[in-house]
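Remarks on the structure that follows.
Number of protein chains: 10
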Amino acid sequence: MKKEEMKEAILKAKYDKGLKWDSLAEAAGLSPEFTCSACLGMNHLEKKSADAVATLLDLGEDVSIALQKYPLKTWSQVVPTDPVIYRWYEIVGVYGETIKEIISDKFGDGIMSAIDFSMNIEKQEDPNGDRVVVTLNGKFLPYKSW
Amino acid sequence: MKKEEMKEAILKAKYDKGLKWDSLAEAAGLSPEFTCSACLGMNHLEKKSADAVATLLDLGEDVSIALQKYPLKTWSQVVPTDPVIYRWYEIVGVYGETIKEIISDKFGDGIMSAIDFSMNIEKQEDPNGDRVVVTLNGKFLPYKSW
Amino acid sequence: MKKEEMKEAILKAKYDKGLKWDSLAEAAGLSPEFTCSACLGMNHLEKKSADAVATLLDLGEDVSIALQKYPLKTWSQVVPTDPVIYRWYEIVGVYGETIKEIISDKFGDGIMSAIDFSMNIEKQEDPNGDRVVVTLNGKFLPYKSW
Amino acid sequence: MKKEEMKEAILKAKYDKGLKWDSLAEAAGLSPEFTCSACLGMNHLEKKSADAVATLLDLGEDVSIALQKYPLKTWSQVVPTDPVIYRWYEIVGVYGETIKEIISDKFGDGIMSAIDFSMNIEKQEDPNGDRVVVTLNGKFLPYKSW
Amino acid sequence: MKKEEMKEAILKAKYDKGLKWDSLAEAAGLSPEFTCSACLGMNHLEKKSADAVATLLDLGEDVSIALQKYPLKTWSQVVPTDPVIYRWYEIVGVYGETIKEIISDKFGDGIMSAIDFSMNIEKQEDPNGDRVVVTLNGKFLPYKSW
Amino acid sequence: MKKEEMKEAILKAKYDKGLKWDSLAEAAGLSPEFTCSACLGMNHLEKKSADAVATLLDLGEDVSIALQKYPLKTWSQVVPTDPVIYRWYEIVGVYGETIKEIISDKFGDGIMSAIDFSMNIEKQEDPNGDRVVVTLNGKFLPYKSW
Amino acid sequence: MKKEEMKEAILKAKYDKGLKWDSLAEAAGLSPEFTCSACLGMNHLEKKSADAVATLLDLGEDVSIALQKYPLKTWSQVVPTDPVIYRWYEIVGVYGETIKEIISDKFGDGIMSAIDFSMNIEKQEDPNGDRVVVTLNGKFLPYKSW
Amino acid sequence: MKKEEMKEAILKAKYDKGLKWDSLAEAAGLSPEFTCSACLGMNHLEKKSADAVATLLDLGEDVSIALQKYPLKTWSQVVPTDPVIYRWYEIVGVYGETIKEIISDKFGDGIMSAIDFSMNIEKQEDPNGDRVVVTLNGKFLPYKSW
Amino acid sequence: MKKEEMKEAILKAKYDKGLKWDSLAEAAGLSPEFTCSACLGMNHLEKKSADAVATLLDLGEDVSIALQKYPLKTWSQVVPTDPVIYRWYEIVGVYGETIKEIISDKFGDGIMSAIDFSMNIEKQEDPNGDRVVVTLNGKFLPYKSW
Amino acid sequence: MKKEEMKEAILKAKYDKGLKWDSLAEAAGLSPEFTCSACLGMNHLEKKSADAVATLLDLGEDVSIALQKYPLKTWSQVVPTDPVIYRWYEIVGVYGETIKEIISDKFGDGIMSAIDFSMNIEKQEDPNGDRVVVTLNGKFLPYKSW
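Chains as they are written, first to last, in our numbering: chain E, 159 to 304; chain A, 159 to 304; chain U, 159 to 304; chain Z, 159 to 304; chain L, 159 to 304; chain Y, 159 to 304; chain S, 159 to 304; chain B, 159 to 304; chain R, 159 to 304; chain W, 159 to 304.
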């Protein structure tokens, strides 16, 4: 079973059962963000977590195996079009250099890792309209000379 | 004075004076992230903040005026190449659909605004290597039917 | 059933029955523009509206369910080629900066939302050739400093 | 004087004098939207209007002549990046096919002209946040067989 | 039946019967150029013409219906590669500004319509090698101020 | 003098003198279309024609020499944006395969040359709106086997 | 049978029979280069040649018919990636202007035809490593004024 | 002196003196094709050849030095537009796979080098129109396993 | 069997049997890197190696034959997205000119071959985190004049 | 002084003095590869190294300061064209997935860092033609779940 088929099977089962990512994450023993990214084919799960997710969704072993495989991370839209995702692309365009400047100021020359990395998404209730609060946490990797 | 010239003048003066964005932000009465983005030409400042930044840097009124103008936000690289900025593009590619899924679960169909938005970048000290912690806070905007 | 299959099924049934978007909209209790966009897979409908549309078209529950799912909004042509749609792309190219200038003048620095948004298309009869009158209504979102 | 230089000169003079597009339009005897588009180099003005705009801004005859020349309408960003303009690109992507469908329903096979065309932008005050209301009016051009 | 399938069916039947576009055009009561473009899926035919074409080719009603539907005009190659079509792209690149200049001289500021438009292709016999003579006839649409 | 500077000088002189391409063509002893294309830098003129054009415009020998040089034909917009030129790009997209089909029918497998080629643009007066009539004449070049 | 299927069938049969392009060319009565290009779908063969190729490969009449059809020449990679083909793209990039200059010197302003054209590929044995010798022969087409 | 300036200086001097590439090549003691490519900035010359070329053109030592520097070979048009150069791009598109097939047949798996490479362009007189004959000679490089 | 199917079959069998590339390489009598690249469809194997790989994986002769065919090397992402592969693209962007400079210094004007080439990937254990050590070995090919 | 100007100044001085990167590296106390990359504007040097490089080249303090600034790493060619650099792009295309597979086998799921990274380029003398041996050494970064 390919990752793409796995993703479709999981999304369909999740919808049919009326589950949220929180439930799948609880089964996997991981955060909802990471669990979701693995179910979408962008990360892999260890066997125990993969089995738990597949079981919760009444899906077979082939789904669990597909979840355990290391993914080839690809996307086809150089500029994403979905408005949710585009807004993030826009943030990178508008604030990318700002991020680089602030990191340079605080850490020196280097990058924020997208591999040694975690992400958390929360709902912040607000009478003027609820807010999405996303926290990204990535290891600072300094450029090294040699 | 064009925004591009303003940006160069500010970066040069900041470097020559050995200042950090924190100092400019304090002068502007705003966060370092927003102040920096305005100095890079991606946001505008109100007159009082603009004057304070220009004064701190010993730059003229033309810099202050340029800071007050509404910017046309453009970038030329469809896929950014600087490693700091690319990693964020990669995060959007790898985790974009995850972000959409989690927001859908928690809020329903809608987006996280990139306009009614703030960003905070902190250094988290860690014996295994310091970490960059970025918090993005954007208003949830539900799709409306009509 | 995927959105793409749903779209094909709806367009075929609409054609075979000789219905117009007005009729589908009436069934859905929404405007023709929004109803059409949902049937094309670019918005979702609430259950009641989705059921009404499916029923009117003698289509099954799978169509109604597909209409209720939150869409991933994607398009594959960076520059659209169909002449109807290209003309709008051209309007954005020719008048985009004008729109920004007039909004800046009237509202200050900010954008017109494409999310908190509605659109109405009318036929204006004219002896020199009928005219298409489109009204777009989007919430003004001011840039905020922080 | 090239259109690009004309545009810069006009924007600078407008800013320095604290004028709005309404004032320039009144001088030109045209709408603010059309006047603005001509000042940005995307349309031309007749001599009388061009002279009036140049006079109001205390700019020379070369600006008036540049305003009268027929423009070559070009833009360099295939996908616009400024958030105001991108939102319109997004509307074309999300609602382009909807526009085509509704026009087909109401008029038959044909397009809405972007040449025999006018645009009006208004501010609609609203306690929940003011709204931008844009009305586009384009002649319907039917496809003809031969 | 989709336009793409209709196109394949028509091209196959035309080849098997050894017919030329002239014959299909005669059946349709239209020019060969327009008839051909409709059979390739880039225009629609009225019922009478569509039925006549389908009958001549011994194809079913589904082909006739497909011919009557309004097409979504799309092409996938931004720069066409087939040498026949590329030469036209090249003509647009080499002579596009010339066309604009001559039209401006003769008509004023405006465009030649690609909608209110016809095209005729003739063979001109020539002892030095026959020549292709193509006549394009499009309505002049003046830019209007408002 | 580069072709680009030559083009600007000619366009300015032509505008200042209020001349039309017809007059330049008469001086050159060529058609307005070819003369214009050479003045825009997309063809070269023989010395006699080049001198005549430069003389008519009161421009120096450097303009004549620039007109005589063989051009490197380049354009920077893969998809042209000016509406006059785009409509031709659209015609190539919509009718390119039609042109190939009709040529195949009438001539066999081969192309219409864009080199051994001429173009004529006329104004056709019409009470319903004047029309632009463009005639393209290119040698048929058959594919050869070997 | 589509050209793409024809190509696959021919390549498979050629491989299974252990034939070289020389043999197919001998059957076709043409050069290996042209015969190969037709079998890959980039040229057409006359009936006699097409039948001979199909017979040699024990393939049916549908292959012969597919070989006889005029191809639509398309390729999907704007920059080819296969190293053999890329090296030619590189030659065009590195030596394209050189080719233009030398042709201009020897022939005047004009092009080398890619239609009235032949190509021959030979193996030149060399103790320092064999060499590929390719001869391209294209008719010179002078630009004409009119 | 940059390569680009060197190229302009050489082309201007060559034009003013009415020289052909043959003469420059004779001075350099190399072929016209290689000499031309070096003068266009796509190869370098040894000191002796560079001095000879500069002397013949009455250009200074800076031109000779620029000719001797190793070039960074770049071109900006992914798809070339000049008709001479485009025809070669088209040959690569149409015949690229043919070249690969014939080389595979005659040599086995490998490429024709674009580095250990020479090119010769000749004029073949022909009563039906002169022909350009180009011979490319590149070392065969076999893929190696390891 | 196409290369793409071969690749899928091999990857599946390798996963199911829990084998590593080292084992396949040992069977093939080649390095793991080359063997892997052939199994992914980017190189071909000689019959003996191909048979050995197929046998080890309990796959049929069609897999062996597919491994022996000369591949057309294509990839669809102009900028790769998978983080492992992107980092290499980034290295080429950041250090490409450095590589050219150092090679020029040490060898003169020429390139490092990607055909007469081998690659070795090793794991270097390190208490601060293991390291990937990749050695690329390519023949220097000097540019030649002619 | 901008990085681009610094690069030009350094390359010119290095050429005029006939120095190699080895000498600059010795002055900087770093490897030739890193020193070169910093001089090309793709890395920064510490003050001591920057001063030493500037002194060796008889360049001023502005060059040293420019060398010390953190660079914004950008490149403009999505696909590089210089043959030296393209061959590396090709290696990424041909062997990118192989690299990913071998790393997965030896380390598990993760990447090879391009930041915690070093590169060494050596000349390997060989009677069949000298070889370029490049060693890349990057830290393995495992994907982490959270």
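Beta carbons: idealized from backbone N, C-alpha and C, even for Gly.
Can you find at least 3 beta carbon pairs, one from the region 264 to 273 of chain Z and one from the region 231 to 251 of chain U, that sit closer than 8 angstroms?
Result yes; three or more Cβ-Cβ pairs closer than 8 angstroms.
Below 8 angstroms on the Cβ atoms is my guess for A/V168 versus A/V250; work out the distance and round it to an integer in Å.
This sequence places Ile at residue 168 of chain A; Val is not what is there. Their Cβ separation, rounded to whole angstroms, is 28 angstroms, which puts A/I168 and A/V250 out of contact at 8 angstroms.
Locate the beta strand (DSSP E) running through B/L294, then write down its first and last residues.
First-last of the beta strand (DSSP E) with B/L294: R289 to P300.
Since R/D220 is in the alpha helix (DSSP H), which residue starts that stretch and which ends it?
DSSP places R/D220 inside the alpha helix (DSSP H), whose first and last residues are E219 to Q226.
Chain S within 8 angstroms of L/P241, Cβ atoms only
At least one CB atom of chain S sits nearer than 8 angstroms to the CB of L/P241.
Under the rule that 16 or more other beta-carbon atoms within 10 Å means buried, what is Z/K227, buried or exposed?
Its Cβ being crowded by 16 or more others within 10 Å, Z/K227 is buried.
Check the DSSP bridge columns for Y/F275 and list the partner residues they point to.
According to DSSP, which records beta bridges pairwise, Y/F275 is partnered with Y/G296.
Show which residues of chain B have a CB atom less than 9 angstroms away from the CB atom of L/Y244.
Residues of chain B passing the Cβ test: Y244 and E248.
So who's on the other strand from R/E162, going by DSSP bridges?
Residue pairing for R/E162: DSSP places it in no beta bridge.
Residues of chain S with a CB under 8 angstroms from the CB of L/Q235: which are they?
Contacts between L/Q235 and chain S, judged by CB atoms closer than 8 angstroms, involve T232 in chain order.
Closest to A/W304 by C-alpha separation, out of U/Y173, U/K161, U/G254 and U/S195, would be which residue?
Ranking the options by Cα distance to A/W304, first place goes to U/S195.
Quick check: the Cα distance between S/I257 and S/L198, rounded to an integer number of angstroms?
Computed Cα separation, rounded: 28 angstroms.
Can you grab the Cα-Cα spacing for the pair E/V291 / A/G296, in whole Å?
Taking the straight line from one Cα to the other gives about 7 angstroms.
Pick out the complete alpha helix (DSSP H) segments inside the region 159 to 209 of chain L, 4 residues or longer, and give them in chain order.
Entirely contained in the region 159 to 209 of chain L, the alpha helix (DSSP H) runs reaching 4 residues are, in chain order, 161 to 175, 179 to 186 and 190 to 197.
Under 8 angstroms, Cβ to Cβ, is there at least one residue of chain E near U/I257?
With 8 angstroms as the cut-off, U/I257 does not count as an interface residue toward chain E.
Given 8 angstroms, three or more beta-carbon pairs between the region 206 to 215 of chain R and the region 174 to 184 of chain R
They touch, by the three-pair rule.
Quick one, which residues of the region 264 to 285 of chain Z are near chain Y if we go by CB-CB under 8 angstroms, in chain order?
So the list reads A272 and I273, given in the order they occur along the chain.
Using CA coordinates, which residue listed in A/G287, A/I279 and A/F298 is at the minimum distance from E/P285?
Comparing Cα-Cα distances from E/P285 to each of A/G287, A/I279 and A/F298, the minimum goes to A/F298.
Helix, strand or coil at A/G254 [DSSP, three-state]
Correct three-state label for A/G254: helix.
Just to confirm my understanding: we take E/T193, look at its own chain, exclude 5 residues before and 5 after, and list those with CB closer than 6 angstroms. What are they?
Excluding sequence neighbours, E/T193 sits near L182, A183 and A186.
What residues of chain E sit near W/L188, judged by a beta carbon separation below 9 angstroms?
Those are S303 and W304, listed as they occur along chain E.
Rounded straight-line distance, which links the Cα of U/P238 to that of Z/L225:
One C-alpha to the other measures close to 31 angstroms.
So, under 8 angstroms CB-CB, B/F265 and S/K281 are touching, yes? Tell me the CB distance rounded to an integer number of Å.
Yes, they are in contact, since the Cβ atoms of B/F265 and S/K281 sit about 6 angstroms apart, within 8 angstroms.
For a contact meaning CB atoms closer than 8 angstroms, what does Z/D288 contact in chain U?
Result: F265, K297 and F298.
Beta-carbon separation (whole angstroms), Z/Y151 vs L/N201, contact threshold 8 angstroms:
Nothing can be reported for residue 151 of chain Z, as the shown portion of chain Z is limited to 159 through 304.
Cβ of L/S222 less than 8 angstroms from any chain Z Cβ?
It does not; no Cβ of chain Z falls within 8 angstroms.
Please state if the CB of R/K231 and the CB of W/V236 are separated by a distance shorter than 8 angstroms.
Not closer than 8 angstroms, so no.
Name the residue from S/E283, S/V211, S/L294 and S/K170 whose alpha carbon lies nearest to the alpha carbon of R/M159.
Between R/M159 and the set S/E283, S/V211, S/L294 and S/K170, the nearest pair of CA atoms involves S/K170.
With a cut-off of 8 angstroms, does the C-beta of Z/V292 fall near any C-beta of chain U?
Cβ-Cβ to chain U under 8 angstroms: yes for Z/V292.
If you draw a straight line from the alpha carbon of A/P241 to that of U/S262, how long is it in whole angstroms?
The straight-line gap from Cα to Cα measures roughly 34 angstroms.
Buried or exposed, going by whether 16 or more other CB atoms sit within 10 Å of the CB of Y/E255?
Y/E255 counts as buried, since at least 16 other C-beta atoms from the protein chains shown sit within 10 angstroms of its C-beta.
Close Cβ partners of L/S207 (< 7 angstroms) along its chain, the five nearest in sequence each way excluded:
In chain order, A186, G187 and L188 place their CB closer than 7 angstroms to the CB of L/S207, counting only its own chain and leaving out the 5 sequence neighbours on each side.
Look at the Cβ atom of S/I279, then the Cβ atom of S/E204, and state whether they are nearer than 8 angstroms.
No, the pair does not count as a contact, with Cβ atoms beyond the cut-off.
So that I know if they touch, is there some Cβ in chain E lying closer than 8 angstroms to that of A/M200?
Yes, contact with chain E.
Determine the DSSP secondary structure at A/E259, reduced to helix, strand or coil.
Annotated three-state conformation of A/E259 is helix, per DSSP.
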